[in-house]
Amino acid sequence: MKKLYIGFFSLLAICIGIGIFYFSYYRQDQMEFPKDVTMETAWGKPYSFNNMEPKVRLLEFVYTNCPDICPSTSFQMKQLKEQLEKDGLFKKKVEFITITIDPKRDTQQVMQTYANMFGVESDNEGWIFLRGSEEDTKKVADAFNFLYRDPGNGMLIHTTLTYFLDENNRVIDTFGMGEKGFDKEKVYKRILKEAK
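Here the sequence shown is numbered in numbering that gives the first Met the number 0, starting from 0 and rising by one per residue.
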């Protein structure tokens with residue numbers, strides 16, 4: 000009987016280990032931008048995921064009507080941008096991408112206003128704000144296992160993750176969102192480690 004318990008718990012430990020590996024590394028390694036999607040920037044230019052320059056990227060999904068977690072994350076990214084500009088890395092080696100998950104309400108003008116709130120006034124500043132069709136938005140979100148839905152009141156329920164990608168656009172780390180979930184110092188150190 001003792002051998003049976005040992006065997007059972009050994010098998011359980013192996014299964015748990017495989018699950019942790021799958022969710023932490025394998026699934027994360029499979030995340031990448033779909034090459035057949037072209038979105039639109041806040042300033043109306045087409046943005047394709049097919050020919051991206053080799054840079055490390057921090058990706059966030061937001062909706063501009065969000066009352067807390069999205070603007071809080073974007074604000075911390077603005078502070079990160081300022082630090083990385085002082086280091087001479089932002090735009091040259093590091094790029095931020097913000098994609099709306101609510102393209103119906105987040106028109107080009109709304110996205111421009113949102114970008115302006117965080118000190119971005121054009122597509123050429125190293126922080127790209129994107130919107131696409133509902134179908135393309137879902138395709139990109141699905142590629143990163145980012146889940147969202149509208150319960151009917153316009154306040155979207157969504158995954159609370161940001162994604163850090165290497166120069167080959169592979170996810171190498173994920174971080175939380177919001178004031179408590181997004182650890183700016185941790186993200187900054189991770190970016191420095193990869194970008195230098």
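Heads up, the beta-carbon is just placed ideally off N, CA and C, and yes, glycines get one too.
These numbers come from a predicted model, not from an experiment.
- With respect to lysine 54, lysine 85 sits apart: the two C-beta atoms are not nearer than 8 Å.
- The beta carbon of valine 186 lies closer than 6 Å to those of Phe174 in the same chain, with the five residues before and after it left out.
- Counting the other CB atoms within 10 Å of its CB gives threonine 161 a total of 16 or more, which places it among the buried residues.
- Taking a C-beta distance under 8 Å as the contact criterion, aspartate 122 and threonine 63 do not qualify as a contact pair.
- Contact annotation: glutamine 107 and glutamate 193 have beta-carbon atoms that are not nearer than 8 Å.
- With a cutoff of 8 Å on beta-carbon distance, phenylalanine 145 and tryptophan 126 are scored as not near each other.
- Within the stretch 93–169, the complete beta strand (DSSP E) runs of at least 3 residues fall at 93–99, 126–130, 160–164.
- Taking all protein chains in view, the Cβ of arginine 148 is surrounded by fewer than 16 other Cβ atoms within 10 Å, so the residue is classified as exposed.
- When rounded, the separation of the alpha-carbon atoms in glycine 87 and cysteine 65 is 32 Å.
- Fully contained in the stretch 48–98 are the following alpha helix (DSSP H) runs of length 4 or more, in chain order: 68–85.
- Cα atoms of leucine 79 and proline 150: separation of roughly 32 Å, rounded to the nearest angstrom.
- With contacts defined as CB atoms closer than 8 Å, valine 36 and glycine 180 fail to qualify as a contacting pair.
- Taken through DSSP and simplified to helix, strand or coil, glutamate 31 comes out as coil.
- Here the alpha carbons of phenylalanine 163 and valine 170 stand approximately 6 Å from one another.
- An exposed status is given to serine 47, since fewer than 16 other beta-carbon atoms sit within 10 Å of its beta-carbon.
- In the three-state scheme derived from DSSP, where H, G and I count as helix and E and B as strand, glycine 175 is classed as strand.
- Residue pairing by DSSP places glutamate 184 opposite no residue, since no beta bridge is assigned to it.
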